[in-house]
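To start, the structure itself, in structure tokens.
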Amino acid sequence: MGLIGIDTGGTFTDLVSLDTQSGNLSVIKVPSTPDRPSEAPLVALKKSKVKPKNVERIVIGTTIATNARLQKHGSTVIYLGTSGHQDVPLIARTDRKEAFNPAWLKPDAGVLRRHTKGVEERIDHKGNVLKKLTRDELIRVGDWVEKIILSDKSQDWALAINFLFSYLNPVHEKRIGKYLSKRFPHIPISISHVVAPIWREYDRATTVITDAFIKRVIGEFSKEIEEEVRQIGFQSPLSLMKSNGGHAATDKISEVPVQMLLSGLAGGVIAGKRFSVDHSNGNSITLDMGGTSADVGLIENGDYSSTSEYEIEWGVPVNALFIDYKTIGAGGGSIASIDSGGLLKVGPESAGAYPGPACYGHGGREPTVTDANVVLGRLDPNFFLGGEVNLEPELSMRAIEKLGRKIGLNVYDTALAILSTAAANMADAIRLLTVDRGLDARNFSLISFGGAGPLHASEVAKVLDISKVIIPPHPGLCSALGTVLTDLRVDRARTVYHRTDNLNLEKISSQLTSLVEEAKDEIKRDGNRGNVDSIAYLNMRYLGQNFGELIPIAGVKINERTVKKAIHDMNSKHMELYGYSMQDRVVEVTELRVILLGGKSVVATLSAPKKKPLIKFSNRKVYFESEGFIDTPVYRRETIGLGKKIKGPAIIEEMDSTTLVHPGCTLQVGADGSLLINHSQVFVGNKIRRKDIFSDKDPVTLTVVDNALRNICDEMGSAMIRTAYSPIFSESRDFSCLLFDRFGRMIGQAEMNPAIMCAGLHTVPHCIEEVGRDNFFPGDVVVHNDPYRGQCHMPEHLLLKPVFIEKELVGFAGNIAHIGEIGGMAIGSFASTATEVFQEGLRIPPVKLMSEGEYVKEVWRIMMANHRTPDATWGDFHAILGSLNTAESRLQGLIKKYGLQQFEKICDAVIDHADKWMRDQIKRIPNGTYTGQDYFEDDGVVRKRYYFRSEVHVSDKDIVIDLSKSDKQALGPINVTYVATAAAGCTAVLQSIKTKGVPLNSGVFKPIKVIAPPGTIVNPIFPAPSVAGNTEGQPRIISCVQMAMAKALPGEVGAAEGGTACNLLMGGIHPDTGDFWAHYQLDGGGWGGRPDRDGNNAQCIPHGSTIRSTPSEVFETRYPLRVLEYSLRNDSGGAGKFRGGLGVRRLFEVTAPSITLSALLDRTEEGPWGLLGGLSGAPAAILIKTQKSSKFRSFVDEFNTVSPTKFINITLNQGDQLLLLAPGGGGYGNPKKRKKQLIENDLADRFITAKSQRKLYKVDRKE
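So the sequence shown is numbered by my numbering: it starts at 113 and just counts up by one.
Okay, structure coming up:
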């Protein structure tokens, strides 16, 4: 019997037929038919000449779901959410991708606001029904849906339903789903508890919207392909590949189509698993490199790894089970260029299939990876795609010569630089995938496939010190082979909550048994008739953490021994991943997960190629790094027999790919026809050939090291998020990770919180100087939060770890993070009425927290005694320590690779390039002096304004921001320390220039100087308080500097954004646990209108632009309040030719007997300023309605506070409601010039009301 696998790509459709007895493979390649996706598979089946009666199973992998989402070819989605929360998909997470890019556009939510509706129902965080979904409400919602559908019958409609806490109790989702499916039988409906029964409402929303969007497309494709395959005689089971590596019957997969979103990418990793088991003991990295991208996967202990989240575009997660891989823009068509700082850049931009690389001859002029391979002789221009395409080498030469002139390299070294940079980018993706799991890539083989993979495999292996490369048979068709080898697979998960200190074994065992039975029923419906293999996991975390680790258990029964073993394994995994464990800590079980595998076919070893004499096809000159051009033998793969060995250099050509064997490497043909390349004698360890002297004209090394430093910081951040206790880290991400050389120069950062990124430039050197470089020893960690010793404000804590190699200090790893509770006069340590620094919390000068790897217990005891939530502090500090452990090992490895002397020369050059980049940006700004101002409404102690005034002096060589005319320091805590002021000045400049890809090291800040005289509000004298200055003062400084920059760069700088973090500090005794709790809540305002578009809605403050808001489900689960509403605030965006973005509206209700509230907001008197005739955005507000009141009132009216928005320790009682109104962004340009269609869209989406339309835009709807 035979198995058929088909992989439908964007350009070609590949078919692989495998005889399960003999192991013989036959392959077919036909052009894809994007306009009619089912046609190409049928053509391939007919062309294969396989007898239908001999086929046991057909599995198709397809990119149809991916393409539908990316190309926006799907249904128009109607979204139903819990009343008050229907805007969740539009608000998103309030963060942004690029911390400094002023032109960044928020991703498409997949639904228009006019198509969202709130449903009157409510479930609480324990699954209890608070508000029942009534029959009248069903009818009301149904009538609204019908009205929407009838409003435009040309649309292909679909429904997405997502209610709060439906993953705990889906009773309301089931009821409305049943009602609507009867009322609208022809409308696809996706329901969140079916599609993604997970915690966090935004993640569930994006998943269910995506499912609804592609549901009809996948349903029609499934039905069509099934019918047409049957018509040509194939009656064997037909399945579609799922993203998790399994397959399911066509009629079943369309019920939840989001599970096949990455169907077209899964096959390659499945095939890689087979070759890994056969050739590498089941431990391999897969590299699938095509024309536009490279996908990196991991095979460990004979199986691929999985993940439950994939971002289809930045900030839009889809939660289903996916094979875990990283995708980067590194393919044959990736474009090489030089950035403004002089660094070589390869990808992610691509020349695409048309015009394609320059050598295609279709008009492409940019040099690409393919062009580099042509120039170096690695591709035969007459045998590209088996001779179907003839390349033009002279066009490649011309494109690369032009690039080489910019960096002072000849054409061949430029081409080599392009390939080395691409290889380094792919190696970085591999590192991220392996380091996240505590794995060392050197212990794995590299399996490379795809059209371009075999050509680059050895170069990637060289970067990673991998000794073995495996090139499968038919590498360009590996994804199709994977669909042949896949199993029927069902994944089921259920959110639960158990603690190991009080575990109900009977209950958790029953829950797992029930889950297994559900999965068995599903796999049976998918067509499985035989036995199934079951794998079970517990998702476990330490008490207080927000993310867990999946721990496999033996069998599908849970007993005391199972639990003990799982706890042991969880501790071990935590130690392996993050460098520490807490074995005395209670462990929580938050999810049960089962995987069932069935439908397996017995497949023989792939047939071996016949033994035959080795015949060389030809010779050609090929360029290599150290040797230059070498006369290199060329072989056709089909002529290389079993067991043959070939010494490099050599090229192996075949119809769908080309394999390069470097000089000194050896190639052997395996039993299944795989090409096995051994690098152990050439590349590994210290035998890598390198230039002895680094040159600053070496753009490859500069790019590689710069990217590596950024990736180390990204890895630190990932470790921090997964292990932190407080939502301010795990959800909001209010921290930043930094690397410094041994001299205290910043050499790398993650693109996280700009306030901290820019401040670290001062904070870390100050800390090193005070401790003394000679007083650091291996294993030390210093803690520091003193605003008068180089910190921003008291809550920001620097943890700094020296990095040593053989007792020599080589650098520092730092993490600056906002600790949510550090004592002081106010819960949450935001004492907005403080008059001196001593009231703001525990002030710590630079002291050792860890000494040579041991706890400095006295320091820990002092902190724990002064913080109101010591458990959270303990957990968060250990998360930071884990991130520093990650940085230490990675930085050591990077420095060892180059040697300290060479590494420091490279860092010198990287910093110099960043300096040059910044000066090039400054040269675009006209010389002159530009002014701006903004103000604080009050300081929390005295009701008077405090002004910030800037003079921005621009010259050819630098920018000087002079804040000398700002007011004297305040009595209250709105003072901005010099470090925070300098950070704000740098942020303002970087967010004003219209660019992205800002270099993240000290060089970029060299040309920016900030003057702030002592004793002013921008540089207070001890012991003035300053806790508000960092959070609310930085936005004021940014605003007044950007007002000046708007005059310098008219047409580039936008109007003012919200300008307040909407800080709410809450705490008290939790009624469920009796423990003290504290929480720091931030929310997003609107961005200002920009010169070419409206401002983004609901974004965090500019100096904290990568901070996220806490999801309502996380908030309610942790704390005794309920979020009654979280929505966009209508009419809050300033009117203009381009409207300001909307702020958010959040309504809380207290559910505990009492809580304590403090607040810190500004911009409540006047909203953010407009520009060039644009109007101000709506101001912020915080209002209270107590049980005794009938309406919302200000805190001045209700509690007699001095300031309406800056106060501390107000007691709220059960049933009291707190309303936060975040400001909107300022408008840009005259509102009368706004296009009528944009106004109509705003009305339809309720961004503006009819009243504001007539008043602000002077437009009557009847016009």
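Just so you know, even glycine gets a beta-carbon here, dropped at the ideal spot from N, CA and C.
Only a predicted model underlies this, so the values are computations on that prediction, with no experimental measurement involved.
Remark: C-beta atoms of Leu115 and Glu168 approach each other more closely than 9 Å. If one requires a minimum length of 3 residues, the beta strand (DSSP E) runs lying completely within the region 1274-1349 are 1293-1297, 1318-1325, 1329-1333, in chain order. Val581 places its beta carbon 9 Å or farther from that of His359. The shortest CA-to-CA distance from Glu232 to any of Asn651, Leu224, Leu276 is the one to Leu276.
Bridge pairing for Asp1074: Glu1063, Ile1123 [DSSP]. For Lys364, the enclosing alpha helix (DSSP H) starts and ends at 362-365. Annotated three-state conformation of Ala564 is coil, per DSSP.
When beta bridges are read from the DSSP output, Ile582 appears opposite Ile559, Leu788.
Per DSSP, Met694 lies in no beta strand (DSSP E) segment and is marked neither H nor E. In the same chain as Ala211, and ignoring 5 residues on each side of it, the C-beta atoms closer than 6 Å to its own belong to Glu863, Pro866, Ser1217, Thr1218, in chain order. The Cβ atoms of Ser579 and Ser557 lie closer than 9 Å to each other.
If you draw a straight line from the Cα of Thr945 to the Cα of Gly1052, it comes to about 5 Å.
For Asp483, the enclosing alpha helix (DSSP H) starts and ends at 481-487. The C-beta distance from Asn1087 to Gly1141 rounds to 5 Å, short enough to meet the 8 Å contact threshold. Pairing Gly1246 with Leu1333, the inter-Cα distance amounts to about 15 Å. Between the alpha carbons of Asp1309 and Ala938 lies a gap of roughly 21 Å. Looking at Ser160, Lys677, Trp269, the one whose alpha-carbon comes closest to that of Gly186 is Trp269. The region 775-783 and the region 473-488 do not touch, with fewer than three beta-carbon pairs separated by less than 8 Å. Boundaries of the alpha helix (DSSP H) around Leu262: 247-263.
Within its own chain, the residues whose Cβ lies closer than 6 Å to the Cβ of Glu461, once the five positions on either side in sequence are excluded, are Ile447, listed in chain order. According to DSSP, residue pairing for Arg653 in a beta bridge involves Glu700.
Excluding five sequence positions before and after Val189, the CB atoms of its chain that fall closer than 7 Å to its own CB belong to Gly222, Val223, His227, Ala270, Ala272, Ile321, Ala324, Phe325, given in chain order. A straight line joining the alpha-carbon of Gly489 with that of Asn502 spans about 14 Å.
In this structure, Thr1317 sits near Ala1271, with a CB-CB distance shorter than 9 Å. Ile647 carries a strand assignment under DSSP once its states are collapsed to helix, strand and coil. Look at Asn978 here: in three-state DSSP terms it is helix. No Cβ-Cβ contact shorter than 9 Å links Arg1234 with Arg1257.
Counting only runs that start and end inside the region 568-635, the alpha helix (DSSP H) elements of at least 4 residues fall at 590-597.
Residue environment: Asp1243 is assigned as buried (16 or more neighbouring CB atoms within 10 Å of its CB, all protein chains considered). Sequence-distant partners of Lys1106 (beyond 5 residues in either direction) whose C-beta falls short of 7 Å from its own C-beta, in its chain, are Pro214, Ala215, Glu1164.
Counted as a single uninterrupted DSSP element, the stretch harbouring Pro958 is not any alpha helix (DSSP H), since DSSP gives it neither H nor E. The C-beta of Phe989 has 16 or more other C-beta atoms within 10 Å across all chains shown, which makes the residue buried.
The C-alpha of Val1153 is placed about 21 Å away from the C-alpha of Asp1204. Sequence-distant Cβ neighbours of Leu650 in its own chain, meaning closer than 7 Å and more than five residues away, are Ile663, Ile665, Ala678, Val701, Leu704. Around the beta carbon of Arg1057, fewer than 16 other beta carbons lie within 10 angstroms, which makes this residue exposed.
By the CB criterion at 9 Å, Pro839 and Arg1230 fall inside the cutoff.
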